[in-house]
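Contents: one structure, followed by commentary.
Protein chains: 2
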Amino acid sequence: MNEVIEFIEQGIEKGEFTKIREQIVKLNVVDIALILDELDEKAALIVFRLLPKELSVEVFSYLSKEQQQYIIESITDREIKNIIDNLFMDDTVDVLEEMPANVVKKILRHVSEDRRKLINQFLQYPEYSAGSIMTIEYIDLKKEMTVGQALDKIKRVGIDKETIDICYVMDQSRRLEGAIPLRKLVVSEKDVVIKDIMETNIISVHTHMDREEVGNLFRKYGLLAMPVVDMENRLVGIITVDDVVDIIEQENTEDFQVMAAMEPSDEEYLKTSVFRLARNRIVWLLILMISATFTGSIIKKYNDMLSSVVILATFIPMLMDSAGNAGSQSSTLIIRGLALDEIRLRDFSKVLWKELRVGLLVGLTLSVVNFLRIYLLDKVGIQIALTVSGSLFITVVTAKIVGSLLPIAAKKLRLDPAIMAGPLITTIVDALALLAYFRIATWLLGL
Amino acid sequence: MNEVIEFIEQGIEKGEFTKIREQIVKLNVVDIALILDELDEKAALIVFRLLPKELSVEVFSYLSKEQQQYIIESITDREIKNIIDNLFMDDTVDVLEEMPANVVKKILRHVSEDRRKLINQFLQYPEYSAGSIMTIEYIDLKKEMTVGQALDKIKRVGIDKETIDICYVMDQSRRLEGAIPLRKLVVSEKDVVIKDIMETNIISVHTHMDREEVGNLFRKYGLLAMPVVDMENRLVGIITVDDVVDIIEQENTEDFQVMAAMEPSDEEYLKTSVFRLARNRIVWLLILMISATFTGSIIKKYNDMLSSVVILATFIPMLMDSAGNAGSQSSTLIIRGLALDEIRLRDFSKVLWKELRVGLLVGLTLSVVNFLRIYLLDKVGIQIALTVSGSLFITVVTAKIVGSLLPIAAKKLRLDPAIMAGPLITTIVDALALLAYFRIATWLLGL
């Protein structure tokens, strides 16, 4: 890639534009966009204008929002019109959502009344909804058509994107009646009627469904495209699998970030500014720092005990870490299961019963190993060893149960399970671990 | 779904098999498989045998491995042959990989010599490689063909799956020369020669490439299918996007589990036994419990200090938690960036420089807030307040740097970044935090 960039920069200096164009049109459209993102703005604009019209529109949809903005601000009104008229609707909406208001205005000035209305409607779908990721480029057929007529229509309309791999059959009022993959049309006889070969058992979603659920449906049924309908079951758009792949990774990234106590962000790490990175992290660190005070106050309460039996302080980190680790193991599995729709709210008691048994098994193993180690190796005396191992057992079992219930409770309260459980679980089980520890010590050591 | 299951169970009792068949064939194949998984083995077998031949093969590929095994063990040799002959190659391999040796033997007895050879070759591809997820059902064309001839061939061969949405062009020795989407064939004139419209700039992978990288390529280029070639660039199979969606989620699940200190597992939570869940968690908990001893030994070393200034113990949880949280924020972002190929090894110094600045910003904010809080609210005295806040600052900066470097170091050493960094980071930064704390206390409090 670096060679291509050098080649282009030298070519621009020497004015060898035809050479540049010849080389660059051979590349994949995604790679062309990546190269333009690497070039400085002026060079990128020159190369962008060298591209054939059709290719330039496609490249535009893959550019970073900075380059998109610079290009929109630099090119002529006619060039803007060419781009916006030929972008797919989902890409148009993506572009507009990222641009500042004045640029959006500039863009919308150049589109037809009808398209502007449509764009505005798309911009109103809630973020992360099916409506916000669908596109309107698809082939619609009527069920009375023959295969031959359908293929003729496709040839005439001819959208070149995966959006025609599946065609949709609608009635007069645009209500969805069936679907038929292009490949089925191709292998069928010309005089067969669509009605007789179309699939009527179609998985569709409403415009307001959350995109995470859309992703789960694509995965469950192995779909390539999915129709989006309004409340009256009228077809308003389709979602294609290439967009879903992106969405799945974005949703996962968000969950990773939330579980590591950060504000979720779509931006690539290396492209995010230091200030933004710091801002995304600081809020949760502050919240967690202050809630850890609660744990500290438990220690404070038992300070006298700690000064009389100083060895007790030694085991605090081990107890706290084991509690945190045991708890996040459970919460991670449950959060993941909820996100993938493998665990439902009604599985509540199954999960509880499972985690209780896992907790007993794991807790027993850990506390036996711990007992042997500190009694035989550290020679701490049987009462201390019993106190530490007993607390460890109770801690692990509690952490497993709390760790599995918190995400389910969060989901029930319509909160993001990842937010509720990930960052908070450690703080909660730490406090519980210390409480158990000091209670058992009071009792066993007679303090 | 529960109604359908009830309907089937009652139907079986009454012997109303035609009724059951009529109802069930209307459902989506994935849903039929889910229903069969819910039924008891005998009922599932009855319903399975009611299905039309072609549908039964498809349903079989979606069943749980337990039901698959039960069915294979219960049906006749001819029925087995029908299933195995008609399964797609990637599904065949999936089935065989999950079955016990005696069942595999039973299956392989019934396939032709050629297919058995091919299956054995597929079974030898490394787990998680491109070869292990590809299939061999695709349409191959010659570049001299016209569009009309190509469409005739597709109609004749007629595989009904997304595997024909893109056709591949090969030379005499099966070397990949180009690709052409079915939709392009459909919209082109019949007498156009394939050579003139095929795409030659094709993204392909080798059989041994890791499936995570395959997923990244699908996402980057928005692909629907990708050819897999051997060392001589001969086409040996294709990977389709529906399988990639599954793979992406599996890879993500693995990363979530590894980062939460568990052995990764593909199984759904509710379907995993308590023993297996416990086993997956216990090893890491033991390792981490024992390494926390190290942190404990630091406290032990400073026990005298803690007994003379008991208030110091109060802040240990806050310091340890903040260290762990700050560290895992950084490690999570870097692990994710590495997995998505957004961060490369050569970005090492960029990451370091970024995290240093983020660490300074975040550390400063946290320690100032902490200083004000404990000095003004807890009224701990300026020396203690300085000790705690100073340690917090150093801890956060260190945690950010260690948290960002560990995953990169792991990747450099060809270890899974998620394994190295996730579970271990807390233990490491905890120890560092305590060391800093006690050093600063020794110095500032003159102990």
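Protein sequences appear in the order of chains A and B. Residues in the first sequence are numbered consecutively from 919, following the numbering used here. Residues in the second sequence are numbered consecutively from 919, following the numbering used here. All C-beta atoms, glycine included, are put in the ideal place defined by N, C-alpha and C. Please read all numbers here as calculations on a predicted model, not as lab measurements.
### Message
Let me confirm a value: Leu1100(A) is counted as buried when at least 16 other C-beta atoms fall within 10 Å, else exposed. Which label applies?
### Response
In the first sequence, the residue the question calls residue 1100(A) occupies position 182. Under this definition Leu1100(A) is a buried residue.
### Where Ala1319(A) falls, given that 16 or more other Cβ within 10 Å makes a residue buried
Numbered from its first residue, the first sequence carries residue 1319(A) at position 401. As written in the sequence, residue 1319(A) is Ile, which differs from the Ala given in the question. Counting Cβ neighbours within 10 Å, Ile1319(A) comes out buried, since at least 16 surround it.
### CB of Met1144(B) within 8 Å of CB of Ile1112(B), strictly
The sequence position of residue 1144(B) within the second sequence is 226, counting from 1. The sequence position of residue 1112(B) within the second sequence is 194, counting from 1. Not in contact: Met1144(B) and Ile1112(B) (Cβ atoms no closer than 8 Å).
### Message
By the three-class DSSP mapping on this structure, what secondary structure does Asp1114(A) have?
### Response
Reading the first sequence from its first residue, position 196 is the one you call residue 1114(A). Looking at Asp1114(A) - three-state DSSP - the assignment turns out to be helix.
### Task
Kindly provide the ranges of any alpha helix (DSSP H) runs that are 4 or more residues long and lie completely inside the segment 1260-1335 of chain B, ordered along the chain.
1266-1290 and 1300-1330
### Message
Give me the chain A residues within the contact set of Ile1217(B), using Cβ-Cβ distance strictly less than 8 Å, ordered along the chain.
### Response
For this step, residue 1217(B) is matched to residue 299 along the second sequence. Near Ile1217(B) (Cβ distances below 8 Å), the residues of chain A are Ala1231, Thr1232, Ile1234 and Pro1235.
### Query
DSSP state of Thr994(A), grouped into three classes?
Residue numbering aside, residue 994(A) sits at position 76 when the first sequence is read from its first letter. Coil, per DSSP.
### Query
Going along the chain, which residues of its own chain have a beta-carbon closer than 8 Å to the beta-carbon of Ile998(B), five neighbours each way excluded?
If you number the second sequence from 1, residue 998(B) lands on position 80. Excluding residues within five positions, the ones whose Cβ falls inside 8 Å are Ile990, Lys1024, Ile1025 and His1028.
### Task
Spell out a yes or no on whether the segment 994-1009 of chain B and the segment 1038-1056 of chain B are touching, meaning 3 or more CB-CB pairs, one atom from each, closer than 8 Å.
yes
### Message
Bridge partners for Leu1059(B) per DSSP, in chain order?
### Response
If you number the second sequence from 1, residue 1059(B) lands on position 141. BP columns for Leu1059(B) point to Val1087(B).
### Message
Can you tell me whether Ile1234(B) is helix, strand or coil according to DSSP?
### Response
Taking the first residue of the second sequence as 1, we reach residue 1234(B) at position 316. It is helical.
### Buried versus exposed, by CB contacts within 10 Å (16 or more), Ala1351(B)
Your numbering for residue 1351(B) matches position 433 in the second sequence. So Ala1351(B) ends up on the buried side.
### Task
Closer than 8 Å by C-beta to Met1063(A): which residues in its own chain qualify, once you throw out the five before and the five after it? Chain order, please.
Working through the first sequence from its first residue, we reach residue 1063(A) at position 145. So the qualifying residues of the chain are Lys1071, Val1111 and Ile1112.
### Selection from Gly929(B), Ile1346(B), Ile993(B) and Lys937(B) that minimises the alpha carbon distance to Thr1213(B)
Working through the second sequence from its first residue, we reach residue 1213(B) at position 295. Minimum Cα distance to Thr1213(B) is reached at Ile1346(B).
### Task
Give the C-beta separation of Met1017(A) and Asp1058(A) to the nearest angstrom, bearing in mind that I take them to be a contact with Cβ-Cβ under 8 Å.
Within the first sequence, the letter at position 99 stands for residue 1017(A). Within the first sequence, the letter at position 140 stands for residue 1058(A). Not quite, the Cβ-Cβ distance comes to about 31 Å (not below 8 Å), so this is no contact.
### Task
Answer with buried or exposed for Arg1332(B), where buried requires no fewer than 16 other C-beta atoms within 10 angstroms of its C-beta.
Taking the first residue of the second sequence as 1, we reach residue 1332(B) at position 414. Answer is exposed; the Cβ neighbour count stays below 16.
### Query
So, do the segment 1261-1279 of chain A and the segment 1226-1238 of chain A have three or more beta carbon pairs nearer to each other than 8 Å?
no
### Task
Would you mind sorting Ser1267(B) into buried or exposed? The rule is 16 or more other CB atoms within 10 Å of its CB.
Within the second sequence, numbered from 1, the residue matching residue 1267(B) stands at position 349. Its Cβ having fewer than 16 others within 10 Å, Ser1267(B) is exposed.
#### Entry: Distance, Ser1030(A) Cα to Ile953(B) Cα
Position 35 of the second sequence, counted from the first residue, corresponds to residue 953(B). Position 112 of the first sequence, counted from the first residue, corresponds to residue 1030(A). Going by the C-alpha atoms only, they are around 50 Å apart.
### Query
Roughly how many whole angstroms lie between the Cα atoms of Phe1193(A) and Val1276(B)?
Within the first sequence, residue 1193(A) is the residue found at index 275, counting from 1. Within the second sequence, residue 1276(B) is the residue found at index 358, counting from 1. Going from the Cα of Phe1193(A) to the Cα of Val1276(B) covers about 7 Å.
### Task
Classify Val1227(B) as helix, strand or coil using the three-state DSSP reduction.
Within the second sequence, numbered from 1, the residue matching residue 1227(B) stands at position 309. DSSP places Val1227(B) in coil when its eight states are reduced to three.
### Task
Please go through the same chain and pick out, in chain order, the residues whose beta-carbon is closer than 6 Å to the beta-carbon of Ile1001(A), but skip the five residues on each side of it.
Reading the first sequence from its first residue, position 83 is the one you call residue 1001(A). Excluding sequence neighbours, Ile1001(A) sits near Val975 and Phe978.
#### Entry: Euclidean distance between Cα positions of Asp1172(A) and Ile930(A)
Position 254 of the first sequence, counted from the start, is the residue given in the question as residue 1172(A). Position 12 of the first sequence, counted from the start, is the residue given in the question as residue 930(A). A small fix is needed here, since residue 1172(A) is Glu in this sequence, not Asp. Rounded to the nearest angstrom, the two C-alpha atoms are 41 Å apart.
### Task
Let me know if Asp1348(A) comes out buried or exposed under the rule of 16 or more other beta-carbons within 10 Å of its beta-carbon.
Here residue 1348(A) refers to the residue found at position 430 of the first sequence. By the neighbour-count rule (16 or more Cβ atoms within 10 Å), Asp1348(A) is buried.
### Query
Helix or strand or just coil, what does DSSP make of Ile1121(B)?
Translated into the one-based positions of the second sequence, residue 1121(B) becomes position 203. Coil.
### Query
Just checking my contact of Glu1167(B) with Arg1137(A) at CB under 8 Å: how many whole Å lie between their CB atoms?
Looking up residue 1167(B) in the second sequence gives position 249. Looking up residue 1137(A) in the first sequence gives position 219. That belief holds up - the Cβ atoms of Glu1167(B) and Arg1137(A) are roughly 6 Å apart, short of 8 Å.
### Query
Where does Ile1216(B) fall in DSSP's three states?
Position 298 of the second sequence holds residue 1216(B). It is helical.
### Task
Count the other CB atoms, across all protein chains shown, that sit within 10 Å of the CB of Pro1335(B); report buried if there are 16 or more and exposed otherwise.
Counting from 1 along the second sequence, the entry for residue 1335(B) is found at position 417. So Pro1335(B) ends up on the buried side.
### Task
Give the interface partners of Ile1082(A) over in chain B, defined as CB-CB distance under 7 Å, in chain order.
Residue mapping note: residue 1082(A) aligns to position 164 of the first sequence, counting from 1. Those within 7 Å of Ile1082(A) in chain B are Arg1101.
### Query
By how many angstroms is the C-alpha of Gln986(A) removed from the C-alpha of Ile1216(A)?
Here residue 1216(A) refers to the residue found at position 298 of the first sequence. Here residue 986(A) refers to the residue found at position 68 of the first sequence. Taking the straight line joining both Cα atoms gives about 55 Å.
### Sheet register partners of Ile1156(A) (DSSP bridge)
Along the first sequence, one-based indexing puts residue 1156(A) at 238. DSSP lists Thr1053(A) and Pro1145(A) as partners of Ile1156(A).
### Task
For the alpha helix (DSSP H) containing Leu1417(A), list its first residue and its last residue.
Beyond the ends of chain A as shown, which are 919 and 1365, falls residue 1417(A); an answer cannot be given.
### Query
Residues of chain B with a CB under 7 Å from the CB of Asp1334(A): which are they?
As a first step, residue 1334(A) is located in the first sequence; it is residue number 416 there, counting from the start. Result: empty, since nearest Cβ-Cβ is about 15 Å, beyond 7 Å.
### Contact under 8 Å by Cβ, Ser1209(A) with Gly1321(A)
For the purposes of this step, residue 1209(A) is taken as the residue at position 291 of the first sequence. For the purposes of this step, residue 1321(A) is taken as the residue at position 403 of the first sequence. No, the pair does not count as a contact, with Cβ atoms beyond the cut-off.
### Query
Should Leu1304(A) be flagged as near chain B, meaning a C-beta pair shorter than 8 Å?
Indexing the first sequence from 1 puts residue 1304(A) at position 386. No - not a single Cβ of chain B is within 8 Å of the one on Leu1304(A).
### Extent of the continuous alpha helix (DSSP H) to which Val1029(A) belongs
Here residue 1029(A) corresponds to residue number 111 of the first sequence, with the count starting at 1. Premise fails: Val1029(A) is in no alpha helix (DSSP H) and is neither H nor E.
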